[in-house]
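So the sequence shown is residues 1 to 349, counted in full-length UniProt numbering.
Note sheet for the following structure.
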Amino acid sequence: MYTVVMTVLSVNGYVAFYIPNIDDEIPNPKLGKNVIAPLWTDLDINKGGTWTYEQATNGSLLNAATQIMDIFYPNLNFSASWVFACAWWNVPAESTLGNATFQFGLISDVNNRSFMVMWYGRVPFIASPYWLAGYDVENSDFVTIPVNNSSQLPSTGNVNIPGYWVFPVPASPTAPCENLSCTWDEVCTQINGVYGCGCSSVSIPMAVQVLGSVVNKELSTGGNYQITMVPYPNSMFQKPYNSNVTLGVNQTLYIAVQVDQFNESKIALVMDRCWATPLNQTDYNIYWDLIVNECPNPADGTVEVLQNGVATSSHFSFKMFMFTGFPNNHIYLHCKVHLCLVESGKCAL
Numbered sequence: 001m002y003t004v005v006m007t008v009l010s011v012n013g014y015v016a017f018y019i020p021n022i023d024d025e026i027p028n029p030k031l032g033k034n035v036i037a038p039l040w041t042d043l044d045i046n047k048g049g050t051w052t053y054e055q056a057t058n059g060s061l062l063n064a065a066t067q068i069m070d071i072f073y074p075n076l077n078f079s080a081s082w083v084f085a086c087a088w089w090n091v092p093a094e095s096t097l098g099n100a101t102f103q104f105g106l107i108s109d110v111n112n113r114s115f116m117v118m119w120y121g122r123v124p125f126i127a128s129p130y131w132l133a134g135y136d137v138e139n140s141d142f143v144t145i146p147v148n149n150s151s152q153l154p155s156t157g158n159v160n161i162p163g164y165w166v167f168p169v170p171a172s173p174t175a176p177c178e179n180l181s182c183t184w185d186e187v188c189t190q191i192n193g194v195y196g197c198g199c200s201s202v203s204i205p206m207a208v209q210v211l212g213s214v215v216n217k218e219l220s221t222g223g224n225y226q227i228t229m230v231p232y233p234n235s236m237f238q239k240p241y242n243s244n245v246t247l248g249v250n251q252t253l254y255i256a257v258q259v260d261q262f263n264e265s266k267i268a269l270v271m272d273r274c275w276a277t278p279l280n281q282t283d284y285n286i287y288w289d290l291i292v293n294e295c296p297n298p299a300d301g302t303v304e305v306l307q308n309g310v311a312t313s314s315h316f317s318f319k320m321f322m323f324t325g326f327p328n329n330h331i332y333l334h335c336k337v338h339l340c341l342v343e344s345g346k347c348a349l
């Protein structure tokens with residue numbers, strides 16, 4: 001049987017098997033998550049139509065699923081043991097004047113075989129790229145139903161019956177973290193597309209406030225160096241914000257923490273911990289961790305460590321938030337960092 005840990009059904013024509021953070025106006029085929037999208041588009045149930053869903057392990061729905069699978073695959077000897085079905089009837093599509101009618105079913109049997117069944121009754125023409133039909137499996141490419149436009153979905157199919165598209169549920173690739181032997185104090189995380197274990201390191205306390213603030217540090221051999229924390233609007237890290245940063249909740253802020261006076265072929269800056277406070281006080285008792293032990297806080301899925309311990313500049317990003325109960329809605333960022341000899345081979349994760 002196909003095991004579903006969490007099912008999130010969207011009125012906009014898709015089912016997600018994870019906690020989604022999908023706020024894109026345009027359907028995104030590059031999520032790399034477990035998503036089934038019979039017709040992912042902007043649908044408005046408030047303007048008409050009906051939207052229903054049902055799950056069953058016995059009864060008439062299970063019998064109907066077995067019968068339809070026998071029509072599609074008469075030699076499969078498939079007997080449904082679990083069904084999750086949802087239907088959209090005459091629901092208006094925002095990007096066109098027409099209404100859409102379609103259904104989706106996820107069907108499993110006792111032999112651990114599962115199929116996705118998509119049926120299309122009526123689908124209006126929807127301009128590209130404002131619709132998407134198909135499915136995605138984590139860490140894989142999105143499989144798109146091969147039609148030229150959305151209105152062709154009811155007249156085409158892949159089981160010799162117009163309007164029906166049926167796909168076996170592929171096995172998810174082995175989760176990368178399952179192949180890593182991370183210890184108890186390590187976090188398995190993905191950085192620039194590569195999974196790895198992040199281990200802790202010796203911390204040299206050094207609080208740096210955002211908005212281009214500077215910390216001076218004296219060297220025992222004489223002279224000094226500066227560590228700066230600078231906010232940027234995007235991942236290019238080319239043109240920083242040059243004044244107070246005002247962003248809405250869930251907007252992404254990019255941060256560079258960098259050190260001068262050093263050759264990056266010899267010295268790398270490592271971010272050990274970064275956190276946010278509602279007041280400009282590094283040891284304030286109310287805080288939110290962003291980076292812990294050089295890795296994203298596993299409790300905050302918006303944090304990405306883009307570069308750490310490979311150069312004299314380290315980068316991370318996170319989505320903006322606010323602390324409740326504080327009237328000014330400000331957050332202050334702080335990082336503890338240390339400098340590492342590149343030749344040691346222990347700077348980067």
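Even glycine gets a Cβ: it sits at the ideal position worked out from N, Cα and C.
Treat the numbers as computed from the prediction; the structure is a model and nothing was measured.
Can you tell me whether DSSP reads residue i as helix, strand or coil?
i                : result
proline 124      : coil
leucine 153      : helix
alanine 268      : strand
serine 342       : Position check: residue 342 holds valine in this sequence, whereas serine was assumed. Residue state, collapsed to three classes: helix.
asparagine 99    : strand
alanine 133      : strand
lysine 140       : Here residue 140 turns out to be serine, not lysine, going by the sequence shown. Serine 140 falls in the coil class under three-state DSSP.
aspartate 44     : coil
alanine 65       : helix
cysteine 347     : coil
phenylalanine 72 : helix
residue 350      : Only positions 1 to 349 of the chain appear in the structure, and residue 350 is not among them; the question remains open.
valine 249       : coil
glycine 198      : Unreliable placement is indicated for glycine 198, whose pLDDT of 43 sits below 50; no coordinate value is reported for it.
lysine 217       : Low confidence applies to lysine 217: its pLDDT is 48, below 50, so where it sits in the model is not reliable, and the reading given next is rough at best. Reduced to three states, the DSSP call for lysine 217 is strand.
Among the candidates the options, whose CA atom is the shortest distance from the CA of residue i?
i                 : options                        : result
lysine 30         : Ala348, Asn263, Phe326, Ser140 : Ser140
isoleucine 291    : Gly32, Leu306, Trp165, Ala100  : Leu306
alanine 348       : Pro327, Cys335, Asn308, His330 : Asn308
asparagine 158    : Tyr284, Gly134, Glu94, Glu138  : Gly134
glycine 13        : Gly32, Gly121, Thr41           : Thr41
asparagine 329    : Gln55, Leu339, Cys335, Thr246  : Thr246
methionine 236    : Glu343, Pro296, Asn285, Ser317 : Ser317
serine 95         : Leu43, Asp70, Thr324           : Leu43
asparagine 58     : Asn280, Ala80, Cys274, Glu343  : Ala80
asparagine 280    : Cys335, Asn297, Asp300         : Cys335
asparagine 263    : Phe323, Leu341, Pro327         : Leu341
valine 310        : Phe321, Pro296, Lys346         : Lys346
leucine 76        : Asn160, Ser114, Asn99, Gly98   : Ser114
glycine 98        : Asn112, Pro74, Ala127          : Ala127
phenylalanine 321 : Pro327, Asn297, Gly248, Pro296 : Gly248
glutamate 343     : Asn160, Ala56, Pro231, Ser265  : Ser265
asparagine 160    : Ile68, Tyr232, Asn112          : Ile68
phenylalanine 323 : Pro298, Trp288, Asp260, Asp300 : Trp288
asparagine 297    : Val230, Tyr284, Cys274, Asp283 : Cys274
Could you please give me the residues that DSSP links to residue i through a beta bridge?
i                 : result
phenylalanine 104 : Cys86, Met118
phenylalanine 316 : Ile255, Val305
proline 296       : Ile291
threonine 277     : Tyr332
leucine 9         : Val15
methionine 229    : Val257
aspartate 109     : Ala80
glutamate 54      : Ala85
proline 168       : Phe115
valine 35         : Ala16, Asp136
alanine 93        : Leu43
Compute the distance between the beta-carbons of residue i and residue j, then report whether it is under 8 Å.
i                 : j              : result
glycine 314       : leucine 269    : The amino acid occupying residue 314 in the given sequence is serine; glycine does not appear at that position. Their beta carbons are under 8 Å apart, which means serine 314 touches leucine 269 by this criterion.
leucine 106       : methionine 116 : yes
valine 11         : isoleucine 45  : yes
threonine 101     : tryptophan 82  : no
isoleucine 145    : tryptophan 119 : no
isoleucine 331    : alanine 276    : yes
valine 123        : leucine 39     : yes
glutamine 258     : threonine 302  : no
phenylalanine 104 : alanine 85     : yes
threonine 156     : valine 143     : no
tryptophan 51     : valine 15      : no
isoleucine 26     : tyrosine 130   : yes
glycine 121       : proline 162    : no
Contact check, residue i vs residue j under 8 Å by CB: the rounded distance?
i              : j                 : result
aspartate 272  : glutamate 304     : With 8 Å as the limit, aspartate 272 and glutamate 304 do not qualify as a contact, their Cβ atoms being about 17 Å apart.
aspartate 136  : asparagine 34     : 7 Å
asparagine 234 : lysine 319        : Between lysine 319 and asparagine 234 the Cβ distance is about 14 Å, and since that is not below 8 Å, they are no contact.
isoleucine 267 : proline 278       : Not confirmed; about 34 Å, so no contact.
leucine 339    : isoleucine 255    : Actually they are not in contact, since the Cβ atoms of leucine 339 and isoleucine 255 sit about 18 Å apart, beyond 8 Å.
serine 150     : phenylalanine 125 : 6 Å
glutamate 54   : leucine 62        : Actually they are not in contact, since the Cβ atoms of glutamate 54 and leucine 62 sit about 11 Å apart, beyond 8 Å.
glycine 32     : glutamate 138     : 6 Å
Just checking residue i against the ligand ADP - is the residue's beta carbon closer than 7 Å to any of the ligand's heavy atoms?
i           : result
tyrosine 53 : You won't find the ligand ADP in this model; it holds no ligand whatsoever.
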